[in-house]
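Beneath this line is the structure, given in structure tokens, with notes to follow.
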Amino acid sequence: SQQGEEDPQALSIQEGENATMNCSYKTSINNLQWYRQNSGRGLVHLILIRSNEREKHSGRLRVTLDTSKKSSSLLITASRAADTASYFCATAKIQGAQKLVFGQGTRLTINP
Amino acid sequence: GAVVSQHPSRVICKSGTSVKIECRSLDFQATTMFWYRQFPKQSLMLMATSNEGSKATYEQGVEKDKFLINHASLTLSTLTVTSAHPEDSSFYICSARDVGGLNEKLFFGSGTQLSVL
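Each protein sequence line maps, in turn, to chains A and B. For what it's worth, this note's numbering labels the leading residue of the first sequence as 416, then goes sequentially. For what it's worth, this note's numbering labels the leading residue of the second sequence as -4, then goes sequentially.
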């Protein structure tokens, strides 16, 4: 079953602006991951943040995690047209099968 | 990074035929692979977890006789859609986790677009 809910479902911004996407989840987690999917392609792992971490950076990506609110955000700074894609959060539970549960995704469009 | 190869990337078949999709980990061993289904503009829905040398674990509501999974080696898992019908048309994606990984990231194939006429 789907655990993550992402917001917004779609986001359209101008090149150079920052894009922020949010993800909420329901159960306790071991880690939360963000993935990117270009249209008609597989997913590419972007960044992983563990439950004992609050913030993580990777290039133009910044991820935050608030376990008390069961939410995470992905910030893409200085967006580029090539960042146009769908972005999914995925959570791994502390216990149970070692599989990821994906959120609904945010479709990001960067306008040149 | 690790590479997962998925073939074919696109297949069109007649209703009633069976279609096999392959998922290979090219430079690592994967005791576990995952098969997802994705409808347009929607999220990934986990269909089953493929375990090397044992039976796959199917998610609730997924017909195991309809979607046959075989994971005969540490680098290959196959999904066979048997007696395909138009409602089976979808984007199927596999993923794998390195043997040494624990709840770590997944490596995805490029997906297979199945169209059943």
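The beta carbon of each residue, even a glycine, is placed where N, CA and C say it ideally should be. Note that this is a predicted model, so its numbers are computed, not measured.
Membership of residue 467 (chain A) in any beta strand (DSSP E) is not indicated, and neither H nor E is assigned to it by DSSP.
Bounds of the beta strand (DSSP E) holding residue 450 (chain A) are 444 to 452. Straight-line spacing of the CA atoms in residue 84 (chain B) and residue 32 (chain B) works out to 10 Å. In the three-state reduction of the DSSP assignment, residue 82 (chain B) falls in the helix class.
The beta carbon of residue 106 (chain B) sits closer than 8 Å to some beta carbon of chain A. Relative to residue 58 (chain B), the option among B:48, B:50, B:42 and B:68 whose CA is nearest is B:42. The Cβ atoms of residue -1 (chain B) and residue 86 (chain B) do not sit closer than 8 Å to each other. Taking a cut-off of 8 Å on C-beta distances, the stretch 492 to 501 of chain A touches the stretch 419 to 433 of chain A, as three or more cross pairs fall below it. Using a Cβ-Cβ cut-off of 7 Å, residue 41 (chain B) is close to 514 of chain A, given in chain order. A Cβ-Cβ separation of about 13 Å leaves residue 70 (chain B) out of contact with residue 1 (chain B) under the 8 Å criterion.
Partner residues in the beta bridge of residue 437 (chain A), as assigned by DSSP, are A:422 and A:488.
DSSP, read as helix, strand or coil, puts residue 496 (chain A) in helix. Residue 14 (chain B) has B:76 as its beta-bridge partners, per DSSP. For residue 458 (chain A), the chain B residues whose C-beta falls within less than 8 Å of its own C-beta are 39, 88, 90, 101 and 103, listed in chain order.
Residue state for residue 21 (chain B) is assigned as coil, using DSSP reduced to three classes.
Here the alpha carbons of residue 79 (chain B) and residue 445 (chain A) stand approximately 37 Å from one another.
In this model, residue 17 (chain B) and residue 451 (chain A) are separated by some 22 Å (Cα to Cα). With fewer than 16 other Cβ atoms inside 10 Å of its own Cβ, residue 474 (chain A) counts as exposed. When only Cα atoms are considered, residue 448 (chain A) and residue 434 (chain A) end up about 17 Å apart.
Taken atom to atom, the span from the alpha-carbon of residue 453 (chain A) to that of residue 48 (chain B) is near 33 Å.
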